[in-house]
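Asks: The sequence shown begins at 154 in this note's numbering and counts up one residue at a time.
Glycine included, C-beta positions come from ideal geometry on N, C-alpha and C.
I'd like to ask you about the structure that follows.
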Amino acid sequence: MSSPSDAARRVGLRVAGALFALGLLLGPAASPTLGHALLLKADPPDGSALAAAPNRIHLVFTQAVAVGLSKVELVDSAGRKIALDGLAGDPADPTVIVIDPPALPADAYRLSWRVVSNDDLHPSIGTLVFGVGVTSSVAVPAGSAVNALASAPETVDRWLDLLALAVLVGAICLLHLGVPRVAASDAGDSMRVGAEARRRLARLAIAAGALSLVTGAVLLLLQAVAAGATADADLVRYLQTGFAEDLIVRTILVVALIGLTAWATRITGRRPSPIQAAASFALVGALSLAEAGTTHMASLIAFPLGLIVGAIHLLAAGLWVGGLVALVVAVLPHARRDPDGRAMALRIVRRFGVLAAVSVAGLGVTGLFVTGQLVATVDALLFSSYGQLLLIKILLVGVVALIGLSNAISTQPRLQRLIVDRLPGRLAARLGPRSPSRSIVAEMGAAVAVLGVVALLGVTPPARGPEYDPIPASARPTTVTAQADDLLVLLSVRPNRPGRNFVTVGIHDTRRPAPAPIGTVRVRLVAPDGTVADPGTDARPIGDGRYELAGDTIKADGGWTIGLTVERPGLPPASLTTPWTVAPAGIPVAPRPTVISNQPLAPILTAVALVGGFLLAAVLAIAGYRRARFPAIPEPARGPSPAGTLEGWPG
C-alpha cells in the first residue's frame, strides 16, 4: 500500500509533466523555434542597387559563426549558380563572414546562407538580394534571416541535461550545508540518520553527474546532426567550436565532482572535511561558469559580465530546483521511519529554506538584468516567442515561490512567530506547523516544470537584434502636418531612402462647404546641395483627398526641401514649403509597428537589478555579522517534542 508521501510524489511528477507539456505547446505554437546566429547587417545591404560589382561581400551576425561549418550560395536572376572561392572569417571579429565573388555582370543576384553558431551550434538560414547596374527585383520573403528549426529531441535532452546539472549542484550543496553537525550529546541514532542522509545525497549527486555526462554527449550529437554533420570530418570540426569546448570543460568538471564526492563521503555517509567541502564548492562554481558559456547570456552580453551573471543565475537555479529534488529523493524518506529520522529531515528542510530564500533572491536580481539584455522592448516581451516563454517561466517561478513561502512558514519557527502568530485563528491554523512533505513535492514538481520552459528558452532566439533595434528618428517614415492657406496638408515619403520613393499628400479643406474643388497638386523637390531635382510634377489623385508622386528623383540622403502648390479654380494657388530629412540607405526601416512601447527595457531593468543586488548584499552582510556576533538562540520546544523538532511531521 502506498504512503501519502508516495502519492504526493506521483502528483508532483504529474504536475511537472503537465506544466512542461504546456510549455512545449505554448512556446512553439506561437512561432517556430529558431536558430540564434541572426543576420545583423550586410554589405551590400539587402535590396540595394550597386553601380559596380562588389569586390567583397560581408555578412555580420549576432553571434560568432563557425565559418568551416557554414555555406553560402550566389545565383543570378536566371537561377544560375555563381562559383565562389569560399568563405573566410574576420580575425578581428568572429561574427563576420567574408565572401570574395568573381566579377559580376549587370544583373540581379540572390545570396543564400546557412551558418552555424559557434556558441550554441544552432544553424540558421537566410537570403538577401542586390543588383549590379540594375534595381534588385528578386522577390524575398519577409524577414531575410529565416532560421532552422530546433528539434524536439534536442529540447527534451536539454531539459534532462538542466535537471541533471541542477540535481548535481543541489545535492552537493545540501550534502555540505544542509546536513547539520551532530553534537556529542546527540550521538547514536542522530549520528546514524545524519550519515544516512549524507550517503543518500552523495549517491544522488553521483547519479545526477553521470546522467549529465550522457545528456551532454547526446546534446552535442543532436546539434551536430541537426546542423548538417554528415561525416567524421564534420564531427571533428564541430568538436573545435566554442560550444564543444565549453562542453568538454564541463565534462571534466563533472567527472571531478563525481570523484571528489565519492572520495569525500566514501559513499558511507562520513562527513566531508572543510577542505573537501571548499574544493567541491570551487568545482561547482567552475561548472556554473562552464555551463553559462553555452547560453545566450555569455554569447550576447559583454564578456565577462554575461558569463559571471549567467553563472550566478544558473548556480542559484541549480541550488533551488536541485535542492528540492534532493529533499524529495534523499531526505524526506527519513521522515517516515522513526523520530530521529523525522527530526533530522526537518532540520535539513529548515536549512534548505534559508539557502532557497537566498537563491530565489539571486534569481530575481540576475533575472531582471538578463531580461533587459535579451529582451529589447515591452513589445518584444509580449509578442515574441522568447518573451512569451519568459512570461510563462516567470509565472511558474511565482507559483514555486508561493509554495516555498508556505513551506518556509510551516517549518521556520521565526517566521511562525513573525507571521502566523499575528493572523486570525483559522488562517493561522492553515499556515501553522504541519507536515511539509506533500507541499515540498508539489514545489519540486513546479520547479522541474520551470526547467522545461528554460530548455525551450535555450533553443529560442532572444527578442533582440535588428528586428527590435530602435530606429533613428531620421530613419522613421514620418508625416508632416501643416497649413497652406485654408487647407490642411498631410505629407509623407515612403520608404524615405535614396532611390524609388512615394510622396503622398493628403489635403483637407477646413471650410465647409469648400469654396472650390482641388484641381492639381504640384510637388517640387530640392536636393541637399541646393539643386532643383524636380521643378514641379503633378501628383496623381489616389482617392479620399490623397495624391501620390512616385519616382527615382530622390537620389541622396540628407536635408531636402519639399514644396507643394495646390491649384483650385477661381482661387489663388495655396503653397507650402517644408524641410525634409531623407535617411541613409543602410539604416533599416522599422520592421514592425509599435503596439505598446518600443522603448528599450535594458536601462530600467538594469537599474532595478543593481538596486536589488545592493539590497541583497546588504541583507546577507547584516545576517552574517549578526550570526558571527550573536550566538544562535535555541529553538523553544513546541508540543510534545522535547527538542521542538517533531511538530507537525507525520509519524
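Rounded to whole angstroms, how far is the Cβ of S270 from the Cβ of V218, which I believe are closer than 8 Å?
Replies: So it is a contact: roughly 7 Å between Cβ atoms.
Asks: Please determine if the region 598 to 618 and the region 688 to 695 are in contact, where contact requires at least 3 C-beta pairs separated by less than 8 Å.
Replies: With the cut-off at 8 Å, the region 598 to 618 and the region 688 to 695 do not touch.
Asks: Are L460 and A432 touching if we call contact CB-CB under 7 Å?
Replies: Cβ atoms of L460 and A432: not closer than 7 Å.
Asks: Following the continuous alpha helix (DSSP H) through Y778, name the residue where it begins and the one where it ends.
Replies: Looking at the DSSP string, the run of the alpha helix (DSSP H) that includes Y778 is A755 to R782.
Asks: Given S338, which residues of its chain have a CB within under 7 Å of its CB, disregarding the five upstream and five downstream residues?
Replies: With a pLDDT of only 48 at S338, under the threshold of 50, the placement of this residue in the model should not be trusted, and no figure is reported.
Asks: Along the chain, where does the alpha helix (DSSP H) containing W473 start, and where does it finish?
Replies: Neither: W473 is in no alpha helix (DSSP H) and is coded neither H nor E.
Asks: Of the choices G659, L542 and Q526, whose alpha-carbon is the least far from that of A755?
Replies: Looking at the Cα atoms, Q526 is the closest of the given residues.
Asks: For the beta strand (DSSP E) containing I278, name the first residue and the last one.
Replies: Counting along the chain, the beta strand (DSSP E) containing I278 begins and ends at P276 to V285.
Asks: Smallest Cα separation from A259: which of D273, V606, F283 and R665?
Replies: Selected option, being the one with the closest Cα: F283.
Asks: Should the region 647 to 656 be regarded as contacting the region 719 to 729, the criterion being three or more beta carbon pairs within less than 8 Å?
Replies: No, they do not touch.
Asks: Please work out which residues of its chain come closer than 6 Å, Cβ to Cβ, to W733, disregarding the five sequence neighbours upstream and downstream, and give them in chain order.
Replies: Closer than 6 Å at Cβ, skipping near neighbours: W713 and I715.
Asks: Enumerate in chain order the residues of its own chain whose CB-to-CB distance from K708 is below 8 Å, with the five nearest sequence positions on each side excluded.
Replies: Excluding positions up to five away in sequence, the list reads P651, G652, A680 and A686.
Asks: In the DSSP output, what is H661 paired with across the bridge?
Replies: Note: H661 sits in a beta bridge opposite L641.
Asks: Quick check on the DSSP output: the alpha helix (DSSP H) that includes Y539 runs from which residue to which?
Replies: S538 to T564 is the extent of the alpha helix (DSSP H) around Y539.
Asks: Under the three-state reduction of DSSP, which class applies to T530: helix, strand or coil?
Replies: In the structure shown, T530 sits in a strand (DSSP, three-state: E or B).
Asks: If you run the structure through DSSP and keep just helix, strand and coil, what is Q376?
Replies: Helix.
Asks: Kindly indicate the opening and closing residues of the alpha helix (DSSP H) around A435.
Replies: Run containing A435: P427 to A445, per the alpha helix (DSSP H) assignment.
Asks: Under a three-way DSSP split, which group does D229 fall into?
Replies: D229: strand per DSSP, three-state reduction.
Asks: For V764, count neighbouring Cβ atoms within 10 angstroms of its own Cβ and tell me buried if that reaches 16, exposed if not.
Replies: Looking at its Cβ environment, which holds fewer than 16 other Cβ atoms inside 10 Å, V764 is exposed.
Asks: From the DSSP secondary-structure annotation, give me the bridge partner or partners of G711.
Replies: G711 pairs with V735.
Asks: My assumption, with CB atoms under 8 Å, is that G476 sits in contact with L508. Please give the rounded CB distance.
Replies: Correct: roughly 6 Å between the Cβ atoms.
Asks: For the region 434 to 446 against the region 312 to 331, do three or more pairs of beta-carbon atoms, one drawn from each stretch, fall closer than 8 Å, so that the two count as touching?
Replies: Yes, the region 434 to 446 is in contact with the region 312 to 331.
Asks: Please classify T730: does DSSP put it in a helix, a strand, or coil?
Replies: Note: T730 maps to strand in three-state DSSP.
Asks: Assuming contact is defined by CB atoms lying nearer than 7 Å, are A602 and L543 in contact in what I supplied?
Replies: No, the Cβ-Cβ distance between A602 and L543 is not below 7 Å.
Asks: So the alpha helix (DSSP H) R677 belongs to, where does it begin and stop?
Replies: Note, R677: premise wrong, no alpha helix (DSSP H); beta strand (DSSP E) at T673 to V679.
Asks: Among the candidates G540, S223, G232 and I749, whose CA atom is the shortest distance from the CA of T524?
Replies: The candidate whose alpha carbon is nearest that of T524 is G540.
Asks: Does D710 pass the burial test, meaning 16 or more other C-beta atoms within 10 Å, or should it be called exposed?
Replies: When all chains shown are included, D710 counts as buried.
Asks: Which two residues bound the contiguous beta strand (DSSP E) that contains V137?
Replies: With the chain represented from 154 up to 804, any question about residue 137 goes unanswered, as that position is not in the structure.
Asks: Could you work out which residue in S223, L535, D199 and G347 is closest to S750 when comparing CA atoms only?
Replies: That would be L535, whose Cα lies nearest to the Cα of S750.
Asks: Taking the alpha-carbon positions, what's the F456 to M450 distance?
Replies: In a straight line, the C-alpha of F456 is about 9 Å away from that of M450.
Asks: Compare the Cα-Cα distances from P197 to each of H211, A190 and P737 and report the closest residue.
Replies: Comparing Cα positions, the closest option is H211.
Asks: Contact defined as beta carbons within less than 8 Å: I believe F505 pairs with L327. What is the distance between those atoms, to the nearest angstrom?
Replies: Sure, about 6 Å apart at Cβ, within 8 Å.
Asks: Could you tell me the distance, in whole angstroms, from the CA atom of F522 to the CA atom of L468?
Replies: C-alpha separation (whole angstroms): 16 Å.
Asks: Output the boundary residues of the beta strand (DSSP E) element that contains A686.
Replies: First-last of the beta strand (DSSP E) with A686: V685 to D691.
Asks: Can you check whether the CB of L354 is closer than 7 Å to the CB of A483?
Replies: For A483 and L354, yes; Cβs fall inside 7 Å.
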